[in-house]
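This report refers to the structure that appears directly beneath it.
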RNA sequence: GGGCUCGUAGCUCAGUCCGGCAGAGCAACUGGCUCUUAACCAGUAGGUCGAGGGUUCAAAUCCCUCCGAGCCCGCCA
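In my numbering, the protein residues as written are 2 to 495.
Take a look at the structure:
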């Protein structure tokens, strides 16, 4: 059983057949694949609920009314002056959007439909500005003592004197200030009246308030919120006791790490955005990696050696899905589909070879090797293979067919291997025949087979190893191969 | 101090929610084969399921205690 279905069924048992699945992100920096796990998890739950014949909507909330916490490494130093202001009121560091949060939100939101996620988008700044939180703020302030008691009891910490469940924005400098009774004191010396100030609920109160305002019934969140005494612990009690709302069914998920670099974190500089990943991963694969892993399990994304394997895995799952296999892998793929996908027979590793054999026209290579050779999906996979070769492929996957005959020294035996291969190709032989010719010639000459294969790679690539020899030679232009081998072997007519 | 995850074959991990003969891939070994960007086929071997206790006709699986590793919370969100 795939994990999304028991979760969906639990939610339906707890809350009935009408659901709102919520997720959200604080756009304080580039929104990366680790953040996408939250949205993807929410989308998977949303789909699973719908597959169980219940109604469900998906909401994505931008926490763009949170303060800018510090000058992150990717910001200019003079952003110090904006620390403490709401993200929706800080300028765009690159100057291309109206303000800070939009700059990071937009590229992320643009990729969501490509990844098959189309949530209703809400923004905290707009919800506060339009009065959506008015009742909640009034309730929270009226019941300050109860909220304070819950937070102090659950977290075991002591709230300061004059604490209020409201973070006011200083009317003079535009930064969040500390409440002190019915007033607030800004760090820059201004004192104002709390009841007249703009502002927001602190996170631990904001979250439960939002559940009620939006009718949230299911919500995935990171394990940082899930720790004992964390914000879900306080939130569930505040929701029930203060707002009279049953908290959503929680689904806790783990972080995503980049192999060799640690957990993704935009402030630590370890972050790959969905847009960057789309250069090398198909949308279905980006979903599948998340869908096929239980949320509480850590994901370690390996874009190097691991990527061809991931493609093989998702291709297998896709095939199982096409065969109506009821297993988890097929279900994970079913939940990962984005658009109708053409059936295709082109392993990623072969695409990687094809774009290197003939960078100008890899389709020609695919025709020679009898793989799928047309359609948007093939083109997409070739494009991603090319990007992978440029950005992530380990050395051992790289080669380049030398346009000019390389100046290589070969033994007499090796030259006879090349001549034998040339003859096999001349006779119209394919991969098997080429592989055979190398093997048999090498054996009949009583030479080390490694040297026989090395001759082929040296003549074509100028290096001692390369892709599996038979199919590789067969993927090349026939006349080119014959000429090259005879040139190198010194058996050409000219 | 608290929470979560992990601990199962040499390695990487399924299986644990919902108890029912201990599993897969890779590695090893045997045989075959066309040594190839982690080649292919057939077969063999490989285990105190981290430790201990409990529940049960039956425990890798449920409960309790403990050990080890990692992450998170105990500022803000």
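Backbone N, C-alpha and C fix where the C-beta goes; we use that ideal spot for every residue, glycine too.
Nothing here was measured: the structure is a model prediction, and the numbers come from that model.
| task | Identify every run of the beta strand (DSSP E) within the stretch 204 to 239, keeping only runs that are complete inside it and at least 3 residues long; order them along the chain. | result | 219 to 223
| said: Using only the alpha-carbon positions, how far apart do residue 211 and residue 351 sit? | reply: 49 angstroms
| field | Between the CA atoms of residue 199 and residue 83 - distance to the nearest angstrom | value | 17 angstroms
| query | From this set, 129, 267, 43, 33, which residue's C-alpha is nearest residue 66's C-alpha? | reply | 129
| field | N- and C-terminal bounds of the beta strand (DSSP E) containing residue 61 | value | 56 to 63
| task | Return the bridge partner residues of residue 266 from the DSSP annotation. | result | 271
| Pick from 176, 63, 433: whose alpha carbon is nearest that of residue 37? | 63
| task | Look at the alpha carbon of residue 331 and the alpha carbon of residue 322, and state the distance between them as a whole number of angstroms. | result | 4 angstroms
| query | Quick one: what does DSSP say residue 109 is sitting in, helix, strand or coil? | reply | helix
| residue 402 vs residue 461 beta-carbon contact at 7 angstroms | yes
| query | If you compare alpha carbons, which of 319, 442, 411 is closest to residue 421? | reply | 442
| If you follow the alpha helix (DSSP H) that residue 78 is part of, which residue opens it and which one closes it? | Element bounds for residue 78: n/a, residue is neither H nor E.
| Within 7 angstroms, strictly: CB atoms of residue 49 and residue 6 | yes
| Integer-rounded CB distance, given that residue 175 should sit under 8 angstroms from residue 105 | In fact, because the Cβ distance is near 20 angstroms, the residues do not count as touching under 8 angstroms.
| said: Please report the straight-line C-alpha distance between residue 290 and residue 23, rounded to a whole angstrom. | reply: 21 angstroms
| Using the C-alpha atoms, what's the distance from residue 371 back to residue 478? | 14 angstroms
| query | Nearest to residue 378 by alpha carbon, out of 90, 249, 283? | reply | 283
| request: Go ahead and pull the three-state DSSP assignment for residue 123. | output: strand
| query | Under the rule that 16 or more other beta-carbon atoms within 10 Å means buried, what is residue 192, buried or exposed? | reply | exposed
| Is the distance from the Cβ of residue 189 to the Cβ of residue 219 below 7 angstroms? | no
| Quick one: what's got a C-beta closer than 7 angstroms to residue 436's C-beta in the same chain, skipping five residues either side? | 470, 471
| field | Sequence-distant residues of its chain with Cβ nearer than 7 angstroms to residue 439 (five each side left out) | value | 418, 422, 453, 454, 457, 470
| Beta-bridge partners of residue 186, as assigned by DSSP | 179, 192
| Per DSSP, what kind of secondary structure is residue 351 in: helix, strand or coil? | helix
| request: Could you tell me whether the Cβ atoms of residue 221 and residue 271 are closer together than 7 angstroms? | output: no
| message | If you reduce the DSSP assignment to three classes, tell me which class residue 104 lands in. | response | helix
| Going straight from the alpha carbon of residue 297 to that of residue 224, what length do you get? | 8 angstroms
| request: Starting from the Cα of residue 204, find the closest Cα among 226, 399, 33, 354 and give me that residue. | output: 226
| Is it the case that the Cβ atoms of residue 35 and residue 257 are separated by a distance below 7 angstroms? | yes
| message | Check this for me: beta carbons of residue 292 and residue 333, under 7 angstroms apart or not? | response | yes
| Using CA coordinates, which residue listed in 287, 155, 261 is at the minimum distance from residue 228? | 155
| Are the beta-carbon atoms belonging to residue 354 and residue 280 less than 7 angstroms from one another? | no
| task | Indicate whether the contact test is met: 3 or more Cβ pairs, each with one atom in the stretch 354 to 364 and one in the stretch 300 to 316, closer than 8 angstroms. | result | no
| query | Whole beta strand (DSSP E) runs in the stretch 296 to 384 with 3 or more residues, listed along the chain? | reply | 300 to 302
| request: Identify, in the order they occur along the chain, each residue of the same chain with its Cβ nearer than 6 angstroms to the Cβ of residue 181, setting aside the five sequence neighbours on each side. | output: 163
| request: Quick one: give me the first and last residue of the beta strand (DSSP E) that residue 251 is part of. | output: 250 to 254
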